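Scroll down for the structure; my scribbles are underneath it.
Residue numbers (the working numbering), protein chains in the order written: chain W, 7 to 481; chain D, 182 to 506.
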């Protein structure tokens with residue numbers, strides 16, 4: 007074995023979520039009203055465009071969720087294999103050059119020289135050592151150019167142009183594939199399907215997906231082509247590539263946004279329908295519970311809980327084999343805390359809806375037939391609450407991603423060693439005050455976070471419009 | 182009405198007791214005072230005596246709930262729960278890590294917090310309601326469409342960006358107002374303009390979009406059609422009829438937060454260096470000052486419950502149909 011696979015707890019939960027998503031997909035596909043609602047989501051152009059963007063983020067996040075520890079080269083075959091203490095992911099393996107090519111300190115995007123002057127000793131023609139102040143050459147940024155730094159702009163331009171050609175080629179192939187698919191499904195000629203597809207006359211918003219894919223390819227392929235030899239978004243204070251940090255932040259944001267709902271859902275669904283269905287003292291107890299929890303201002307409860315968690319983690323270093331495991335557990339604890347503080351809203355909604363549903367005739371009929379309460383809840387109430395749950399799920403995501411940044415800034419977020427949008431912003435907060443200004447870290451973190459949250463918000467809108475029965479008539 | 186209020190106030194007591202128990206459990210049972218002492222003292226100076234001394238100085242050396250050794254009533258009162266948690270009900274929050282009285286600190290820091298939070302709240306409400314009304318007035322036009330797009334974009338931007346960007350643009354680049362700081366008295370206005378402005382702008386996106394849906398829901402109702410059929414102008418319909426009726430759902434979300442304005446805003450205050458309760462909380466979090474965080478949690482929930490009761494009262498003002506019995 008050249009590597010030791012590691013399954014961090016958050017990896018496990020992420021892959022469980024993928025599985026749960028698949029199961030949920032199959033289940034809701036079998037349920038006709040839900041299937042119709044998903045079809046409506048598929049028809050929505052903003053919804054599908056944002057889904058494409060989100061898919062790209064999720065791909066990065068999933069790649070970053072396959073962890074391993076590389077084997078150390080100890081040469082001797084007889085010895086038991088030793089593995090590095092460092093935990094890497096599949097994404098790290100792919101982005102190896104980004105991860106390992108660290109400069110000394112700040113450098114601007116695409117720069118070949120550092121951002122600040124340094125004293126450099128130059129041996130003059132007469133053999134004497136002279137000290138001059140100049141911008142030192144970067145160790146890796148634009149290394150392939152050698153002495154000819156002047157050719158950088160030309161080199162960047164050729165790379166961008168090649169990348170754009172590739173992007174257009176890929177886009178053409180994918181669109182043709184989509185057209186063929188539409189033609190097969192609709193039993194029409196490919197040319198006809200091609201026209202329908204671009205005019206938006208297909209059942210699924212193919213044109214939105216393809217246009218978004220095109221935009222993504224046209225912007226990201228050049229970045230990929232350039233990042234092999236340059237620091238496309240510059241480097242930060244300790245010389246780490248900002249683009250690499252962005253890629254790593256994606257997984258943290260996804261874990262916070264998705265795993266939190268995994269904590270929220272069972273609590274909210276279970277307690278909400280129990281309170282609404284059984285009423286009486288069960289309702290009183292559950293109402294008391296969520297009123298008490300929701301009356302503590304969210305940030306403060308999170309702060310208190312995170313502080314306590316930090317103490318527990320700091321006083322029990324023996325629980326964690328690697329630093330990554332500690333950071334990972336802290337991330338999960340944060341999700342858990344966020345989930346515990348945010349289930350009350352959904353619980354209240356579900357309780358109200360269940361109160362309404364239990365008075366309907368078909369539930370009374372089921373009760374009259376002597377169907378067990380548990381079965382009524384599972385077969386008759388739960389499916390009719392699905393739309394609220396799905397809407398809440400997608401609506402919460404963007405808020406949680408934004409909350410992570412704020413919490414990390416306040417100092418009660420993820421582990422400082424874990425790369426996330428919040429820690430990136432936190433580390434870079436004083437950089438705008440520098441002379442000359444260092445803007446690239448902050449700008450890239452905010453841009454990518456904005457893209458993620460905007461896509462999530464747009465998808466949430468599309469899903470809400472499709473699933474909310476009150477909206478169904480209006481569109 | 183009075184009987185209803187009284188009942189609501191009585192109902193608040195078990196909730197506050199619950200909050201108190203939750204914070205007590207978090208701060209004293211999940212983490213024992215020993216853990217806290219180790220944390221505060223740092224790794225180097227940890228000895229059994231030092232921990233005992235630290236606990237004795239702060240009164241953490243007592244038993245949690247029942248002090249069997251103490252005489253008389255002291256069985257219950259000479260405990261951590263009574264001296265640290267139950268005393269919060271009478272406004273005694275004890276001392277912070279630096280030895281200062283928390284209650285005094287809180288009362289002196291409320292002013293600066295309110296000086297930011299109150300203008301932000303009032304101006305923000307005015308701006309967002311006007312913007313939402315504007316969108317509702319131009320409903321189903323391009324202006325409405327792009328207005329909503331703008332709202333979604335604005336609510337997707339991190340609050341940190343508004344603050345960092347605003348400080349950079351207005352204070353550093355244009356040098357219009359100081360970047361941060363605070364003075365007492367009327368001179369404080371130049372320190373307050375920027376945080377208030379940023380607070381208003383960062384809140385527009387989500388609230389304006391939400392108010393717009395409320396307005397549109399009202400506009401679709403029968404009484405609006407009647408009002409139009411009577412020949413009222415669109416402006417009159419919007420301001421006299423729609424706005425008034427839309428106030429009920431808007432009030433639910435808005436009145437609840439009024440008491441919480443006392444708490445200030447964590448982010449704004451720490452970025453702009455305003456000595457309010459928000460920055461007090463942040464400093465306490467960073468210094469791991471458990472007593473202060475515990476006090477803030479308790480005050481926050483008291484204020485929230487006050488907000489809920491205020492919401493109920495405000496209902497009766499805007500909707501004469503609602504009567505509490």
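In this text, a Cβ means the ideal position worked out from N, Cα and C, and glycines have one as well.
What you are looking at is a predicted structure, and each value in this text was computed from that prediction instead of being measured.
Going by the CB atoms, is the gap between residue 326 of chain W and residue 313 of chain W shorter than 8 Å? Translated into the one-based positions of the first chain, residue 313 of chain W becomes position 307. Translated into the one-based positions of the first chain, residue 326 of chain W becomes position 320. For residue 313 of chain W and residue 326 of chain W, no; Cβs fall outside 8 Å.
Going by DSSP, what residues sit across from residue 241 of chain W in a beta bridge? Numbered from 1 along the first chain, position 235 holds the residue referred to as residue 241 of chain W. In the DSSP output, where bridge partners are listed per residue, residue 241 of chain W has W:113 and W:247.
Apart from the five residues just before and just after residue 495 of chain D, which ones in its own chain have a Cβ nearer than 7 Å to its Cβ? The residue you call residue 495 of chain D lines up with position 314 of the second chain. Taken in chain order, the residues that qualify are 432 and 436.
If we cut at 8 Å on Cβ distances, does residue 320 of chain W have a partner in chain D? One-based indexing of the first chain puts residue 320 of chain W at position 314. Closer than 8 Å to some Cβ of chain D, the Cβ of residue 320 of chain W qualifies, so yes.
Nearest to residue 201 of chain D (by Cα), restricted to the options W:116, W:213, W:298 and W:101: Here residue 201 of chain D refers to the residue found at position 20 of the second chain. The shortest C-alpha separation from residue 201 of chain D is found at W:298.
If contact means a Cβ-Cβ distance below 9 Å, which residues of the stretch 280-298 of chain W contact chain D? Cβ contacts with chain D: 294, 295, 297 and 298.
Local Cβ density within 10 Å of residue 308 of chain W, reported as buried at 16 or more and exposed below that: By one-based count along the first chain, residue 308 of chain W stands at place 302. Answer is buried; the Cβ neighbour count reaches 16.
With the cut-off set at 8 Å, would you say residue 266 of chain W and residue 341 of chain W are in Cβ contact? Start at 1 with the first residue of the first chain, and residue 266 of chain W comes out as number 260. Start at 1 with the first residue of the first chain, and residue 341 of chain W comes out as number 335. Their beta carbons are under 8 Å apart, which means residue 266 of chain W touches residue 341 of chain W by this criterion.
Do the CB positions of residue 344 of chain W and residue 278 of chain W come within less than 8 Å of each other? On the first chain, residue 344 of chain W is found 338 positions in, with the first residue counted as 1. On the first chain, residue 278 of chain W is found 272 positions in, with the first residue counted as 1. With contacts defined by Cβ atoms closer than 8 Å, residue 344 of chain W and residue 278 of chain W do not form a contacting pair.
Tell me the residue span of the alpha helix (DSSP H) that contains residue 216 of chain W. By 1-based counting over the first chain, the position of residue 216 of chain W is 210. Per DSSP, residue 216 of chain W belongs to the alpha helix (DSSP H) from 212-233.
Hey, how far is the Cα of residue 300 of chain W from the Cα of residue 476 of chain D? Your numbering for residue 300 of chain W matches position 294 in the first chain. Your numbering for residue 476 of chain D matches position 295 in the second chain. Roughly 17 Å between the two C-alpha positions.
Express the C-alpha separation of residue 197 of chain W and residue 189 of chain W in angstroms, rounding to a whole number. Position 183 of the first chain holds residue 189 of chain W. Position 191 of the first chain holds residue 197 of chain W. Their backbone Cα atoms lie some 8 Å apart in a straight line.
Comparing the C-beta of residue 314 of chain W with each C-beta of chain D, is any distance below 8 Å? Position 308 of the first chain, counted from the first residue, corresponds to residue 314 of chain W. Taking Cβ atoms only, chain D reaches closer than 8 Å to residue 314 of chain W, which makes this a yes.
What does DSSP give as the partner residue(s) for residue 137 of chain W in the beta ladder? Walking along the first chain from the start, residue 137 of chain W turns up at place 131. Per DSSP, W:127.
DSSP on residue 425 of chain W, reduced to helix/strand/coil? Here the question's residue 425 of chain W lines up with position 419 in the first chain. If DSSP states are grouped into helix, strand and coil, residue 425 of chain W belongs with coil.
C-alpha distance - residue 3 of chain W paired with residue 371 of chain D, whole-angstrom precision: The structure shown does not extend to residue 3 of chain W, since chain W is modelled only from 7 to 481, so the question has no answer here.
For the beta strand (DSSP E) containing residue 387 of chain W, name the first residue and the last one. Residue 387 of chain W sits at position 381 when you count from the first residue of the first chain. Where residue 387 of chain W is concerned, there is no enclosing beta strand (DSSP E), given that its DSSP letter is neither H nor E.
For a test of the three-state rule: what should DSSP assign to residue 447 of chain D, helix, strand or coil? For the purposes of this step, residue 447 of chain D is identified with residue 266 of the second chain, where counting begins at 1. The answer is helix: DSSP assigns residue 447 of chain D an H, G or I state.
Whole angstroms are fine: how far does the CA of residue 13 of chain W sit from the CA of residue 79 of chain W? For the purposes of this step, residue 79 of chain W is taken as the residue at position 73 of the first chain. For the purposes of this step, residue 13 of chain W is taken as the residue at position 7 of the first chain. If I take the Cα positions, the gap works out to 23 Å.
Smallest Cα separation from residue 358 of chain W: which of W:333, W:316 and W:283? If you number the first chain from 1, residue 358 of chain W lands on position 352. Taking only the C-alpha atoms, the option nearest residue 358 of chain W is W:283.
May I ask you to report which of helix, strand or coil DSSP gives residue 72 of chain W? One-based indexing of the first chain puts residue 72 of chain W at position 66. Residue 72 of chain W falls in the coil class under three-state DSSP.
C-beta neighbour in chain D for residue 415 of chain W, strict 8 Å: Numbered from its first residue, the first chain carries residue 415 of chain W at position 409. Taking Cβ atoms only, chain D reaches closer than 8 Å to residue 415 of chain W, which makes this a yes.
Please list, in chain order, the residues of the stretch 479-501 of chain D that have any C-beta partner in chain W closer than 7 Å. 481, 482, 485 and 486
Report buried or exposed for residue 320 of chain W, applying the criterion of at least 16 other Cβ atoms within 10 angstroms of its Cβ. Sequence index remark: in the first chain, residue 320 of chain W carries index 314 (1-based). With fewer than 16 other Cβ atoms within 10 Å, it is exposed.
For residue 355 of chain D, does the count of other Cβ atoms within 10 angstroms reach 16, so buried, or fall short, so exposed? Numbered from 1 along the second chain, position 174 holds the residue referred to as residue 355 of chain D. Exposed is the call here.
Taking residue 222 of chain W and residue 59 of chain W to be in contact with their CB atoms under 8 Å, please state how far apart those CB atoms are, rounded to whole angstroms. Start at 1 with the first residue of the first chain, and residue 222 of chain W comes out as number 216. Start at 1 with the first residue of the first chain, and residue 59 of chain W comes out as number 53. Yes, they are in contact, since the Cβ atoms of residue 222 of chain W and residue 59 of chain W sit about 7 Å apart, within 8 Å.
Where residue 195 of chain D meets chain W, residues with beta-carbon distance less than 9 Å: Mapped onto the second chain, residue 195 of chain D falls at position 14. Those within 9 Å of residue 195 of chain D in chain W are 294 and 298.
Element boundaries [beta strand (DSSP E), containing residue 11 of chain W]: Walking along the first chain from the start, residue 11 of chain W turns up at place 5. The continuous beta strand (DSSP E) containing residue 11 of chain W extends over residues 9-12.
Taking residue 216 of chain D as the query, report the chain W residues whose CB atoms sit under 7 Å from its CB, ordered along the chain. Here residue 216 of chain D refers to the residue found at position 35 of the second chain. Within chain W, the residues near residue 216 of chain D are 317 and 321.
Please confirm if residue 481 of chain W has its CB atom under 8 Å from at least one CB of chain D. Position 475 of the first chain holds residue 481 of chain W. Because residue 481 of chain W carries a pLDDT of 40, less than 50, the predicted location of this residue cannot be relied on, and the following value inherits that uncertainty. At a cut-off of 8 Å, the C-beta of residue 481 of chain W has no neighbouring C-beta in chain D.
In terms of alpha-carbon separation, which member of W:111, W:74, W:99 and W:262 lies closest to residue 419 of chain W? For the purposes of this step, residue 419 of chain W is identified with residue 413 of the first chain, where counting begins at 1. Of W:111, W:74, W:99 and W:262, the residue nearest in Cα terms is W:262.
Which residue's Cα is closest to the Cα of residue 163 of chain W: W:180, W:116, W:207 and W:202? The count along the first chain starts at 1 and reaches residue 163 of chain W at position 157. Restricting attention to W:180, W:116, W:207 and W:202, the CA atom closest to the CA of residue 163 of chain W is found in W:116.
Taking just the CA atoms, how far does residue 377 of chain W sit from residue 384 of chain W? Within the first chain, numbered from 1, the residue matching residue 384 of chain W stands at position 378. Within the first chain, numbered from 1, the residue matching residue 377 of chain W stands at position 371. So the two alpha carbons sit approximately 11 Å from each other.
Cβ separation of residue 114 of chain W and residue 349 of chain W, assumed to be a contact under 8 Å, to the nearest whole Å: Start at 1 with the first residue of the first chain, and residue 114 of chain W comes out as number 108. Start at 1 with the first residue of the first chain, and residue 349 of chain W comes out as number 343. About 45 Å separates the two Cβ atoms, so there is no contact after all.
Which bits of chain D does residue 11 of chain W rub up against, with CB to CB less than 9 Å? Mapped onto the first chain, residue 11 of chain W falls at position 5. Correct list: empty, because the minimum Cβ distance to chain D is about 33 Å.
Please classify residue 367 of chain W as buried or exposed, where buried requires at least 16 neighbouring CB atoms within 10 angstroms. Counting from one through the first chain, the residue named residue 367 of chain W turns up at place 361. Looking at its Cβ environment, which holds fewer than 16 other Cβ atoms inside 10 Å, residue 367 of chain W is exposed.
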